[in-house]
Amino acid sequence: LEEIKRLINSGRYEQRQDFAVVIQPFFRNTLLPLDGPDMSFFAADCFHFSVRGYAEMAMALWNNMLEPVGEKQTYNNFTHDRSKLRCPNPEKPFLFTRRNSGFGNSDVTLEKTDSSVPYWAVIVTAVAGVLVGSLLGWVVSRRRTKKHQRKAGTGNNMKTTPLLLSTVTQRVAE
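Numbered per the numbering used here, the sequence shown spans residues 9 to 182.
Laid out in structure tokens, this is it:
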């Protein structure tokens, strides 16, 4: 990413009328909700996007291209709300570049901007999620094991009770 920023800031494409390089940051600060993400945005492997997820990303990319450089949205909220899809502005019916956003021949550079969410918060949240998920999985597994053992124990008692009674009866008869 740093190499791309260096290329953009080099001015190599500033004078071109037919080509521009613009970073579209719609995914930079996106976080999935911790209270159970809508899994319909993901494929069966829970990693790649589904058709619905790709549609959401396409809408966010389109909206980013219609926003001036320096004012681009840096997150996506995964709502799959078609009403948030923007149309070109009649006054400026084009995709925004540095030049038509007012940065044409200025010394403004696209330096790294501070994230609204600190990087460590994402790491802590991910680790906490894994730990909570593991704990829940262990609790569920433990309960199922105990339930299975109780059922097996009850079944064994019922099967051995007549055998035990017949053994006791035989000993009493002797």
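Glycine included, every Cβ here is placed at the ideal spot set by N, Cα and C.
Check	Outcome
May I have the straight-line CA-CA distance separating Thr133 from Gln23, to the nearest angstrom?	45 Å
Quick one: grab the DSSP three-state call for Phe50.	strand
At a cut of 8 Å, does the segment 43-63 reach the segment 10-25 through at least three beta carbon pairs?	no
Using 8 Å as the cut-off, can you tell me whether the segment 90-110 makes contact with the segment 132-146, which would need three or more C-beta pairs spanning the two stretches below that distance?	no
I need the boundaries of the alpha helix (DSSP H) containing Thr11, first residue and last residue.	A quick correction: the sequence has Glu, not Thr, at residue 11. Start and end: Glu10 to Asn17.
Out of Tyr21, Trp146, Met65 and Met47, point me to the one whose CA is closest to Thr82's CA.	Met65
If we require 4 or more residues per run, which alpha helix (DSSP H) segments fall completely within the segment 58-92?	59-73
Cα-Cα, which of Ser91, Ala28 and Asn17 is closest to Gly73?	At residue 73 the sequence reads Met, which differs from the Gly that was named. Cα-wise, what sits closest to Met73 is Ala28.
Please name the residue or residues paired with Lys159 in a DSSP beta bridge.	Beta-bridge pairing links Lys159 to no other residue.
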